[in-house]
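**Student:**
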Amino acid sequence: MSSKNGMFYHKSSGTNIKEAAWWEEHCVRRQGGYDFDKSNLPATFRWLPKGSVLKIDKATGKVALVKSAEVAAKANAEATTLKIKDNGLFAVGDKIAGSTISKIAVAEGVATLTVTALAATVEAGDAVSEYNPEADTLIGLAYETTDLRDNDFPQVTPTLVAMEIEKDTMPYPVNDAIIEGLNKAGVGTHLFRVL
């Protein structure tokens, strides 16, 4: 029997991370990486999962995660309370569904957000996000899972083309506005599988 002597480097990887699935053979990623701005994420946020929707800040040239969540209970237009399935991404001061969050209470996996009046009714199961089509420019999906812990200058590589994306495998929910933003002329082609 052989034995191994000495020190060995063991790369750690995340477990229980929900990564998006798409047709890998036809996926095209952008050349090089972009600096990732993690300043709008909680300090405990470690892994940026493959398939996370990314937007670019044209002033700094950095990309950031587009925060989104699934609605847990219907909220009518003009409501000042929104219940979402808690994913730990949102903080007071963030925008969601066009409204600003002023308070967050979490209980049993549901975050109850106190927000400015909602512009439209949202149904349970809908995806809501901070994405603003008039102000934000989406740049693609994170091509691979990235470890952000102890990384002062993380980089991510966005996709340019992804086909047969399985919507239910996305790490954070997407809605029609996000899908349209990913497929704008000059951004890329991101085709979701229709079941």
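Under the working numbering, the first residue of the sequence shown is numbered 4, with each subsequent residue one higher.
Cβ atoms here follow ideal geometry from the backbone N, Cα and C, with glycine treated the same way.
With DSSP collapsed to three states, give me the class of Lys170.
**Tutor:** As a position in the sequence shown, residue 170 is number 167, starting the count at 1. Note: Lys170 maps to helix in three-state DSSP.
**Student:** What residue does the beta strand (DSSP E) around Glu111 start on, and which one ends it?
**Tutor:** Within the sequence shown, residue 111 is the residue found at index 108, counting from 1. Looking at the DSSP string, Glu111 is not in any beta strand (DSSP E), and its letter there is neither H nor E.
**Student:** Exposed or buried, what is Val200 when buried is set at 16 or more other beta-carbons lying within 10 Å of its beta-carbon?
**Tutor:** Any property of residue 200 remains undetermined from this structure, which presents the chain solely from 4 to 198.
**Student:** Please name the residue or residues paired with Thr84 in a DSSP beta bridge.
**Tutor:** In the sequence shown, the residue the question calls residue 84 occupies position 81. In the DSSP output, where bridge partners are listed per residue, Thr84 has Thr117.
**Student:** For Ser5, which residues in the same chain have their Cβ closer than 8 Å to its Cβ, ignoring the five residues on either side in sequence?
**Tutor:** Along the sequence shown, one-based indexing puts residue 5 at 2. Annotation note: pLDDT 48 at Ser5 (below 50); position unreliable, no value reported.
**Student:** Spell out a yes or no on whether the region 115–130 and the region 21–40 are touching, meaning 3 or more CB-CB pairs, one atom from each, closer than 8 Å.
**Tutor:** At 8 Å Cβ cutoff, the stretches do not touch.
**Student:** I think Pro176 touches Ser71, with their Cβ atoms under 8 Å apart; what is that distance to the nearest whole Å?
**Tutor:** Residue mapping note: residue 176 aligns to position 173 of the sequence shown, counting from 1. Residue mapping note: residue 71 aligns to position 68 of the sequence shown, counting from 1. About 5 Å; that satisfies the 8 Å criterion.
**Student:** Would you tell me roughly how many angstroms separate the C-alpha atoms of Leu85 and Leu116, rounded to the nearest one?
**Tutor:** By one-based count along the sequence shown, residue 85 stands at place 82. By one-based count along the sequence shown, residue 116 stands at place 113. Near 5 Å, if we compare the C-alpha coordinates of Leu116 and Leu85.
**Student:** Is the region 103–119 touching the region 153–164 in the sense that three or more CB pairs, one from each, lie closer than 8 Å?
**Tutor:** These segments do not touch.
**Student:** Report the rounded CA-to-CA distance for His29 versus His193, giving the unit in angstroms.
**Tutor:** As a working mapping, residue 29 is identified with position 26 in the sequence shown. As a working mapping, residue 193 is identified with position 190 in the sequence shown. Taking the straight line from one Cα to the other gives about 11 Å.
**Student:** Any idea what DSSP makes of Ile20, helix, strand or coil?
**Tutor:** Taking the sequence shown and counting its residues from 1, one reaches residue 20 at position 17. Ile20: coil per DSSP, three-state reduction.
**Student:** In whole angstroms, give me the CA-to-CA distance for Ala94 and Pro157.
**Tutor:** Within the sequence shown, the letter at position 91 stands for residue 94. Within the sequence shown, the letter at position 154 stands for residue 157. So the two alpha carbons sit approximately 21 Å from each other.
**Student:** Applying the 10 Å Cβ sphere with the 16-neighbour rule, what's the burial state of Lys53?
**Tutor:** As a working mapping, residue 53 is identified with position 50 in the sequence shown. Classification for Lys53: buried.
**Student:** I think Asp129 touches Val74, with their Cβ atoms under 8 Å apart; what is that distance to the nearest whole Å?
**Tutor:** Taking the first residue of the sequence shown as 1, we reach residue 129 at position 126. Taking the first residue of the sequence shown as 1, we reach residue 74 at position 71. Contact flag correct, Cβ pair sits at about 5 Å.
**Student:** Let me check one thing: in DSSP terms, what residues is Trp26 bridge-paired to?
**Tutor:** Here residue 26 refers to the residue found at position 23 when the sequence shown is read from its first residue. Answer is none; Trp26 lacks a bridge partner.
**Student:** Does the beta-carbon of Lys58 have 16 or more other beta-carbons within 10 angstroms, so that it is buried, or is it exposed?
**Tutor:** Here residue 58 corresponds to residue number 55 of the sequence shown, with the count starting at 1. Under this definition Lys58 is a buried residue.
**Student:** Taking only heavy atoms of the ligand ADP into account, decide whether any of them is closer than 8 Å to the Cβ of Glu169.
**Tutor:** Annotation note on the ligand ADP: not contained in the displayed structure, which lists no ligands.
**Student:** Short of 6 Å in beta carbon distance, which residues of its chain neighbour Pro161, apart from the five on each side in sequence? Order them along the chain.
**Tutor:** As a first step, residue 161 must be located in the sequence shown, where it is residue number 158. So the list reads Arg33, Leu57, Ile142 and Gly143, once near-sequence residues are dropped.
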